[in-house]
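Residue numbers (the working numbering): 34 to 401.
All residues carry an ideal CB built from backbone N, CA and C; glycine is no exception.
One structure is given below, encoded as structure tokens.
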Ligand SMILES: *Cc1c(COP(=O)(O)O)cnc(C)c1O
């Protein structure tokens, strides 16, 4: 390895389009707070992209999730089923409402919420299910939507990792009643920090806008009949969002090209399981991820250490949430636990070159 070799990050944003021009416009015009033309423009662009009528932008993805659950009236005494293998925010948003997150196992094929385990976890207290499209591959939504219909439950997609992914020809973000996205710096598009709820339900959208802005009476200024939130996005963030939306198809195409290139180079490495793409799915490969099985010559963490020596960044999979202190249940969710032990996210930024991918693939194979 030469010292001149560049460090390859797992993720980094690409802000080389109209981002600077639009942010400059906000600064020059003085519209830097949570009023301004970029906000409705971003909300409309994103909703249209998902094939839904309405978008409500928020300060981040976690507040989008919390706001969605608050709009649905979820609170103390309720249960919400979430996958145990997801980013912590999915469960925390449930906890913020006073409801209890109930953890379900993952499917070995898609790494996403297992509908059979969801069915086992439904009780008279269950109010909602939050499928998460982990690492960019959609969850198997039809069985989840069927269960929700049978038991009269809300489905709220956590699509924070899957902007543009398709389930049976439909964009994620169009499948639940209220669906949530994040625009954190490492997501498919970024606004720095930011989030958004998509929906086709005008009444729920209106309630979301109202709760997002302190729940102030529309007739009587500074009169607040409920405890609302300040979960607004700023015009500056939305300006970034509009510029990023102009390139989202290009970013997704790049993610898919990166995945194809990795898949070709890693196809015959013993002990590696390449990421899923079911027949009914179009993944956006937010994080190109592989499972490091016992037939691979190194353990997962040893592989990460070897990559680090070669200036290649990686991430382990999430810890199953039911194993962490605030949510520890002592139960066993074996598929998620095994995925969590074996899974690793490889560099997946849209800035990654084909040469970078060849360097990473060589480092993985060399370490056998
Ligand atoms: C990133 C992420 C979130 C939270 O988004 P923030 O914008 O960081 O608050 C929620 N759920 C999942 C699955 C995520 O990956």
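Look at residue i and residue j and say whether their C-beta atoms are less than 8 Å apart.
i: residue 233; j: residue 383; result: no
i: residue 108; j: residue 132; result: yes
i: residue 173; j: residue 145; result: yes
i: residue 225; j: residue 246; result: no
i: residue 115; j: residue 124; result: yes
i: residue 111; j: residue 158; result: yes
i: residue 126; j: residue 98; result: yes
i: residue 275; j: residue 74; result: yes
i: residue 177; j: residue 148; result: yes
Under a three-way DSSP split, which group does residue i fall into?
i: residue 311; result: coil
i: residue 262; result: coil
i: residue 177; result: helix
i: residue 78; result: helix
i: residue 152; result: helix
i: residue 401; result: The predicted position of residue 401 is uncertain, since its pLDDT is 49 and thus under 50; no value can be drawn from it.
i: residue 255; result: coil
i: residue 111; result: coil
i: residue 128; result: helix
i: residue 160; result: strand
i: residue 44; result: coil
Sorted by chain position, which residues of the same chain lie with C-beta nearer than 6 Å to residue i's C-beta, five sequence neighbours on each side aside?
i: residue 401; result: Model confidence at residue 401 stands at a pLDDT of 49, short of 50, so the residue's coordinates are unreliable; what they give is reported in the following sentence. If we look at residue 401 and ignore the five residues flanking it on each side, its Cβ neighbours are 330.
i: residue 165; result: 116, 119, 123, 191
i: residue 277; result: 222
i: residue 310; result: 316
Is residue i close to chain B, meaning its C-beta is less than 8 Å from at least one C-beta of that chain?
i: residue 173; result: Absence of chain B from the displayed structure is noted, only one protein chain being present.
Less than 8 Å between the CB atoms is what I'm expecting for residue i and residue j, so what's the real figure, rounded?
i: residue 100; j: residue 241; result: 6 Å
i: residue 93; j: residue 295; result: With 8 Å as the limit, residue 93 and residue 295 do not qualify as a contact, their Cβ atoms being about 29 Å apart.
i: residue 280; j: residue 50; result: 5 Å
i: residue 120; j: residue 229; result: The pair is not a contact, with the Cβ atoms about 16 Å apart (cut-off 8 Å).
To which residues of the same chain is residue i closer than 8 Å at the C-beta, ignoring the five residues directly before and after it?
i: residue 396; result: 339, 340, 343, 345
i: residue 255; result: 249
i: residue 169; result: 194, 195, 198, 221, 288, 316, 317, 318, 319, 320
Leaving aside the five residues before and after residue i along the sequence, list all residues of the same chain whose C-beta is less than 7 Å from its C-beta, in chain order.
i: residue 306; result: 323, 324, 326
i: residue 206; result: 83, 85, 190, 192, 212, 214, 231
i: residue 184; result: 155, 159
Which residue's Cα is closest to the Cα of residue i: the options?
i: residue 68; options: 177, 149, 231, 270; result: 270
i: residue 43; options: 385, 70, 276; result: 385
i: residue 70; options: 267, 310, 317, 347; result: 267
i: residue 210; options: 223, 184, 162; result: 162
i: residue 287; options: 47, 38, 40, 150; result: 47
i: residue 373; options: 167, 111, 45; result: 167
i: residue 304; options: 156, 223, 376; result: 376
i: residue 41; options: 399, 398, 393; result: 393
i: residue 96; options: 201, 244, 291, 293; result: 244
i: residue 45; options: 380, 141, 387, 399; result: 380
Is it the case that the CB of residue i approaches a heavy atom of ligand 3 more closely than 7 Å?
i: residue 350; result: Ligand 3 is not part of this structure, which contains only ligand 1.
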